[in-house]
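Structure first, commentary second.
Numbering (my numbering), first residue to last: 129 to 333.
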């Protein structure tokens with residue numbers, strides 16, 4: 129059966145090191161995609177960009193309302209909805225579950241839209257993508273194409289970004305710190321033509 133994603137966007141996995149305090153978040157450099165598709169339930173998937181859409185490395189079957197997909201902002205809430213930032217040196221989303229303490233962390237690999245070049249700043253586009261994913265996980269009906277139309281990249285955007293190593297503020301037990309010495313978004317590369325044909329990856333963010 130061929131998978132027809134509802135939404136696809138560039139993202140990499142993160143590792144959470146809890147062996148010492150404060151905990152640290154480190155991005156895994158592999159270029160990848162997060163995508164969601166539906167059969168009876170929503171599947172939350174991640175795959176390297178070299179893998180087929182039908183062969184995800186991570187495929188989580190999501191029970192409606194059990195999962196949430198939210199910007200990772202550390203312990204301290206953002207001072208305003210226009211200035212949402214991660215305490216790391218990249219934009220990180222957390223996939224959380226109400227039924228368990230399990231969580232998965234992912235870093236956005238699209239180019240930051242921050243006017244000042246702040247790699248930890250969530251743009252309205254980033255937040256809209258997260259909101260769409262969260263709504264799908266809640267079991268809501270979402271017109272993904274319409275929702276994304278307001279959240280497209282500016283002209284010339286959507287190259288992969290590099291997450292350099294830069295220590296963040298300490299948030300004991302919450303995860304903090306830089307992305308790590310080897311934390312990059314991989315080679316700058318265009319999205320594959322194969323994925324563009326026939327909407328193979330659904331609504332592309």
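Idealized CB from N, CA, C, for every residue including glycine.
- Between residue 261 and residue 164, the CB-CB gap stays under 9 Å.
- In the DSSP annotation of this structure, residue 215 is not part of any beta strand (DSSP E), being labelled neither H nor E.
- Per DSSP, residue 253 has no beta-bridge partner at all.
- In this model, residue 172 and residue 133 are separated by some 10 Å (Cα to Cα).
- Sequence-distant Cβ neighbours of residue 184 in its own chain, meaning closer than 7 Å and more than five residues away, are 173, 174, 175.
- In the structure shown, residue 278 adopts coil according to DSSP, grouped into three states.
- For residue 227, there is no enclosing beta strand (DSSP E), as DSSP marks it with neither H nor E.
- Apart from sequence neighbours up to five positions away, the residues of its chain that approach residue 137 with a beta-carbon distance below 8 Å are 161, 162, 163, 236, 238, 257, 332, 333, ordered along the chain.
- In terms of Cβ geometry, residue 225 and residue 196 form a close pair [threshold 9 Å].
- Note that the C-beta distance between residue 193 and residue 266 is below 9 Å.
- In the DSSP assignment, residue 175 falls within the unbroken beta strand (DSSP E) covering 170-176.
- In the structure shown, residue 156 falls within a coil segment according to DSSP collapsed to helix, strand and coil.
- Beta-bridge pairing by DSSP links residue 198 to 222.
- Per DSSP, the unbroken beta strand (DSSP E) holding residue 140 starts and ends at 135-145.
- Boundaries of the beta strand (DSSP E) around residue 187: 186-190.
- Within the model, the alpha-carbon separation for residue 166 versus residue 146 is close to 33 Å.
- Setting aside the 5 residues that flank it on each side, residue 144 is surrounded in the same chain by 151, 153, 233, 303, each with a C-beta closer than 7 Å to its C-beta; the list follows chain order.
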